Amino acid sequence: MSRPGTAALETPELSVVLPTINEAANLRLLFPRLKKTLGAIGVPSEILVIDENSTDGTAAVALREGATVVSQALPGFGRAIRLGIETARGRHIVTMDADGSHPPEAIEDLWKAREGFDLVIGSRYIPGGSVETSPVRHFLSRFLHLFDAAVLGLPVADGSSGLRLYRAAPVKALVLASRNAAIQEEIIVKLLKNGGRLREVPFHYAPRAAGKSKIRILDSALSYLRILAARD
Ligand SMILES: Nc1nc2c(ncn2[C@@H]2O[C@H](COP(=O)(O)OP(=O)(O)OP(=O)(O)O)[C@@H](O)[C@H]2O)c(=O)[nH]1
Ligand SMILES: [Mg+2]
Numbered sequence: 044m045s046r047p048g049t050a051a052l053e054t055p056e057l058s059v060v061l062p063t064i065n066e067a068a069n070l071r072l073l074f075p076r077l078k079k080t081l082g083a084i085g086v087p088s089e090i091l092v093i094d095e096n097s098t099d100g101t102a103a104v105a106l107r108e109g110a111t112v113v114s115q116a117l118p119g120f121g122r123a124i125r126l127g128i129e130t131a132r133g134r135h136i137v138t139m140d141a142d143g144s145h146p147p148e149a150i151e152d153l154w155k156a157r158e159g160f161d162l163v164i165g166s167r168y169i170p171g172g173s174v175e176t177s178p179v180r181h182f183l184s185r186f187l188h189l190f191d192a193a194v195l196g197l198p199v200a201d202g203s204s205g206l207r208l209y210r211a212a213p214v215k216a217l218v219l220a221s222r223n224a225a226i227q228e229e230i231i232v233k234l235l236k237n238g239g240r241l242r243e244v245p246f247h248y249a250p251r252a253a254g255k256s257k258i259r260i261l262d263s264a265l266s267y268l269r270i271l272a273a274r275d
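Residue numbers (our numbering): 44 to 275.
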């Protein structure tokens with residue numbers, strides 16, 4: 044997605060990476076808001092939908108909206124994020140969920156906060172941030188935060204947040220291994236090890252608009268422990 048007629052020629056300043064499994068209904072809601080935000084930011088941009096075998100017309104919706112669809116051959120959220128980072132052509136990369144939990148309007152806040160940082164994290168757990176989710180999910184998320192802080196030593200309030208703005212070069216340089224949701228922590232650990240700078244800005248996490256959850260936090264448990272070995 045870019046200024047009409049120039050998409051293929053122009054190097055985008057900003058790539059938006061959306062991992063999807065069966066998110067057609069959510070993409071229909073998301074694209075108008077996302078495009079409005081990208082228009083307000085006002086730099087050449089592209090939208091990449093990293094799709095894993097959706098059967099609900101996700102790819103068709105994405106293509107109709109002018110996004111690039113990348114079909115993911117091997118399964119896993121972490122692999123989707125890695126493929127998105129690899130494929131993105133922009134100097135900056137936003138990753139976000141496609142299900143409406145990450146408001147596209149927040150990208151503007153991340154964008155404004157980017158100067159001097161390799162990663163700007165949209166944070167649920169700093170003042171001004173908030174979260175609407177089930178008590179069980181909230182507990183798991185807070186537990187993960189305790190683990191991130193106490194065991195991995197991450198210096199952030201929301202190390203598992205998937206709403207992020209990266210400077211492309213430092214994150215593309217990382218060798219990443221996580222196949223699942225632990226990718227978020229792995230990226231932080233490895234960026235920091237390379238001297239990367241990061242900050243958080245608050246946002247409001249909404250419930251998914253339609254459809255079912257695809258992520259299994261507990262499946263990632265072993266991977267979180269593996270990240271310990273990647274620290275210095
Ligand atoms: N390509 C790909 N996308 C995935 C995978 N797992 C999740 N996603 C997408 O990644 C985003 C986040 O996943 P969700 O299922 O919303 O996970 P969640 O937010 O923890 O769960 P909910 O709170 O129920 O929404 C959504 O856009 C999903 O469609 C995966 O293995 N591959
Ligand atoms: Mg979700």
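No residue lacks a Cβ here, since even glycine has one placed at the ideal position from N, Cα and C.
No experiment lies behind these values; they were computed from the predicted model shown.
Answer yes or no: the CB of residue i versus the heavy atoms of ligand 2, is any distance below 8 Å?
i	result
lysine 124	The sequence given here has isoleucine at residue 124, not lysine. Result no, Cβ not under 8 Å from ligand 2.
aspartate 94	no
isoleucine 258	yes
arginine 167	no
arginine 251	yes
Using the C-alpha atoms, what's the distance from residue j back to residue i?
i	j	result
lysine 122	isoleucine 150	Checking the displayed sequence, the identity of residue 122 turns out to be arginine instead of lysine. Each residue's alpha carbon lies about 23 Å from the other.
alanine 200	arginine 185	10 Å
glutamate 158	leucine 241	10 Å
alanine 216	leucine 208	16 Å
proline 245	histidine 188	16 Å
threonine 49	alanine 67	No answer about threonine 49 holds up, because its pLDDT of 47 lies below 50 and its placement is not dependable.
arginine 125	arginine 259	18 Å
isoleucine 226	arginine 210	17 Å
tyrosine 168	glutamate 175	12 Å
valine 195	serine 177	The question names valine, but residue 195 in the sequence shown is leucine. The alpha-carbon atoms of leucine 195 and serine 177 are separated by roughly 25 Å.
leucine 134	alanine 156	Position check: residue 134 holds arginine in this sequence, whereas leucine was assumed. Between arginine 134 and alanine 156, the C-alpha separation is close to 15 Å.
leucine 183	serine 203	11 Å
glycine 82	valine 60	17 Å
arginine 267	alanine 224	A small correction: the amino acid at residue 267 is tyrosine; arginine does not occupy that position in the sequence shown. Computed Cα separation, rounded: 9 Å.
aspartate 152	proline 87	17 Å
proline 170	threonine 98	39 Å
arginine 76	alanine 193	37 Å
Checking the sheet assignment: what are the DSSP bridge partners for residue i?
i	result
isoleucine 93	Pro62 and Val113
valine 174	Tyr248
serine 166	Pro245
isoleucine 136	Ser58 and Tyr209
serine 203	According to DSSP, serine 203 bridges with nothing at all.
serine 88	Leu57
Is residue i near ligand 1, going by C-beta to nearest heavy atom under 8 Å?
i	result
glutamate 129	no
phenylalanine 186	no
proline 147	no
alanine 224	yes
Grab me the residues of residue i's own chain with a C-beta within less than 7 Å of its C-beta, minus the 5 sequence neighbours each way, in chain order.
i	result
proline 47	At proline 47 the pLDDT is 43, less than 50, meaning the model places this residue with poor confidence; the figure from the coordinates comes in the next sentence. Result list for proline 47: empty, nothing under 7 Å.
leucine 72	Gly143 and Ala252
leucine 206	Met139, His145, Ala149, Gly165 and Phe246
threonine 130	Leu91 and Val113
valine 104	Ala67, Leu70 and Arg71
proline 118	Glu95
lysine 257	Ile64
glycine 254	Asn65, Glu66, Ala68, Asn69 and Asp142
Pick out whichever of the options has its Cα sitting closest to the Cα of residue i.
i	options	result
tryptophan 154	Glu243, Asp142 and Tyr168	Glu243
isoleucine 84	Gly238, Ala225 and Leu57	Leu57
leucine 106	Val86, Thr80 and Phe74	Phe74
alanine 102	Arg134, Tyr248, Ala141 and Ala273	Ala141
arginine 222	Glu108, Gly238 and Ala264	Ala264
threonine 111	Asp262, Thr54 and Glu89	Glu89
glycine 109	Asn65, Lys78 and Val86	Lys78
threonine 54	Asn65, Arg132 and Phe120	Arg132
glutamate 229	Arg269, Ser97 and Val137	Arg269
aspartate 262	Lys255, Asn237, Pro87 and Phe120	Phe120
alanine 273	His181, Val179, Ala220 and Gly239	Ala220
What residues in its chain sit with their C-beta under 8 Å from that of residue i, if we drop five residues either side in the sequence?
i	result
leucine 234	Asp161, Leu162, Pro213, Val214, Leu217 and Leu241
Among residues of its own chain, excluding the 5 on either side of residue i, which ones have a beta-carbon nearer than 6 Å to its beta-carbon?
i	result
isoleucine 93	Pro62, Val113, Gln115, Ala123, Leu126 and Gly127
alanine 197	First, the residue type needs correcting, since residue 197 is leucine and not alanine in the sequence shown. For leucine 197, where only same-chain residues beyond five positions count, the Cβ hits under 6 Å are Asp191 and Ile231.
threonine 250	It is worth fixing the name first, because residue 250 is proline in this sequence and not threonine. For proline 250, where only same-chain residues beyond five positions count, the Cβ hits under 6 Å are Glu175.
valine 137	Val59, Ile150 and Leu208
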